[in-house]
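For the sequence shown, the numbering used here assigns the number 61 to the initial residue and increments by one for each residue that follows.
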Amino acid sequence: MLAVLALGTFAVGTDGFVLAGLLPAIAADLDVPVAVAGQFVTLFAVTYAISAPVVALVTARWDRRAVLFGAQVLFTVGMLLQALSDTVAVMAVGRVVAAVGASAYTPTAAAVAGALAPPERRGRALSTVVGGMTVATVLGVPVGVLLSQWGSWRTALLMVTALGVLATVGTAVVPPVRLPAVDLRTRLLVLRRPGVPSTLLVTMATMAAAFSVYTYIAELLSPVAAGGVLSLLLFVYGAAGVVGNAVAGRLTDRHGSRPVLLVALVSLTVMMALWPVGREHIALAPVLLALWGVFGWMFTIPQQHRLIESAPEAAPVALGWNSSALYAGTAAGSLLGGSVLDLAGPAWLGPCAALGSALALAVVLLVRPRPGRAGQPAPVASVASASRT
61 MLAVLALGTF
71 AVGTDGFVLA
81 GLLPAIAADL
91 DVPVAVAGQF
101 VTLFAVTYAI
111 SAPVVALVTA
121 RWDRRAVLFG
131 AQVLFTVGML
141 LQALSDTVAV
151 MAVGRVVAAV
161 GASAYTPTAA
171 AVAGALAPPE
181 RRGRALSTVV
191 GGMTVATVLG
201 VPVGVLLSQW
211 GSWRTALLMV
221 TALGVLATVG
231 TAVVPPVRLP
241 AVDLRTRLLV
251 LRRPGVPSTL
261 LVTMATMAAA
271 FSVYTYIAEL
281 LSPVAAGGVL
291 SLLLFVYGAA
301 GVVGNAVAGR
311 LTDRHGSRPV
321 LLVALVSLTV
331 MMALWPVGRE
341 HIALAPVLLA
351 LWGVFGWMFT
361 IPQQHRLIES
371 APEAAPVALG
381 WNSSALYAGT
391 AAGSLLGGSV
401 LDLAGPAWLG
411 PCAALGSALA
421 LAVVLLVRPR
431 PGRAGQPAPV
441 ASVASASRT
């Protein structure tokens, strides 16, 4: 069942990451600058950040399997619109529709994974679901970029559409799971729980740093990534991400979330600062991408774990807010990265990103979230046995 959920995140992740490698081709086809085409990433992220809590509220009483199915249908329709678009407006509509579907799918998949896993294996269950996104960076993104080079960027997006169809069909094997409905007031109260706001700030700052660079990765690596080299470099990043994601689940279960976060954020800050040199040397660029993959994906699991610890009785709500923070950071990063690209050039993308990851590091060092109240059962632990039919 976790593999089915991972297939859905694989489809969503392929879309989220492949667009960065396609931006130059999309910009040329739609006759807009690359920095403007980059705002398709911003539009997707803003829509996701806004729609995630709204969709969570509207579907609170629904069976999670129904939510997963409807989310993948929306995502697939959005991807088809993008693949067939011939104007900026149609492309933008497709990004919005796909984002609404993704915003419903990803936090629901994480909540279901947590609901069906015992507490001592929750980190590994989350890592399996998030692993769909890391596998997307290994297979989906490089293959998508290659398809765009052999055919067109539309071919790559049609591949993502096909993945969405498979993920939609796959939801049939997910068992029915109902989580306690949470009203708007309770959802907002989660934001007042000790540790939740600071954890969300860390997510936002780290994702802003990452996507200010990743959105324009083709421009950043242009000195060393001619022809098919970009696909190989993205494969290195994705393969390293699979390692980081797998290791993060086990390390978080064994040592707790804070030490894993500190290692990840220190490494990311140093790595981002080195991009002005790394982008000019074919031997150094894959090393930095590998480090980025390992420590960038190592960041995700302990963040989710910290939220579950901080708000155990409202874990699905906290994870939904984390998704919003993640995509708010993505939107800010792609927007700021476009500005840096226009004003200072691609060499400055990395150093500016290092400031964002350094901010996240400072928050983790200064704020220690307190665990949620003892004796309060988390829905992710209790509903699994009570709501499966």
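Built from N, CA and C at the ideal position, the CB exists for glycine as well. Bear in mind that the values here come from a model prediction, so they are computed numbers and not experimental data.
- Check the Cα spacing between Val148 and each of Arg318, Gly380, Phe135, Ile86: the tightest is with Ile86.
- Shortest Cα-Cα distance from Leu207 to any of Glu373, Leu79, Ala270 involves Leu79.
- Below 8 Å, too few C-beta pairs join the region 272-282 and the region 168-184 to call them touching: fewer than three.
- Taking the Cα of Ala116 as reference, the smallest distance to any Cα among Thr312, Ala171, Val101 is reached at Ala171.
- Taken atom to atom, the span from the alpha-carbon of Ala63 to that of Gly191 is near 9 Å.
- Within the model, the alpha-carbon separation for Leu140 versus Tyr387 is close to 22 Å.
- Taking Ala222 as the centre and dropping the five residues before and after it, the same chain places no C-beta closer than 6 Å to its C-beta.
- Shown here, Leu79 sits in a helix according to DSSP, grouped into three states.
- Nearest in C-alpha terms to Val106, of all of Asp146, Val160, Gly130, is Val160.
- Rounded to the nearest angstrom, the gap between the Cα atoms of Leu328 and Leu218 is 33 Å.
- Comparing alpha carbon positions, the residue from Ala196, Pro93, Arg121 closest to Val302 is Ala196.
- DSSP, reduced to helix, strand and coil, places Tyr297 within a helical segment of the structure shown.
- Annotation: the region 211-259 contains the following complete segments of the alpha helix (DSSP H) (minimum length 4 residues), in chain order: 213-230, 244-250.
- Comparing alpha carbon positions, the residue from Val225, Asp75, Ala414, Leu325 closest to Thr194 is Asp75.
- Counting of Cβ neighbours within 10 angstroms places Ala324 among the buried residues, the total reaching 16 or more.
- In this structure, Val377 sits away from Val273, with a CB-CB distance that is not shorter than 8 Å.
- By the Cβ neighbour-count rule, Arg245 is exposed, with fewer than 16 other Cβ atoms within 10 Å of its own.
- Counting C-beta pairs with one atom in each stretch, the region 340-358 and the region 394-403 have fewer than three that are closer than 8 Å, which means they do not touch.
- In this structure, DSSP gives Arg121 a state outside helix and strand, which the three-state scheme calls coil.
- Closest in alpha carbon position to Leu83, among Ser111, Arg253, Thr275, Phe129, is Thr275.
- In the DSSP assignment, Met358 falls within the alpha helix (DSSP H) that extends over 345-358.
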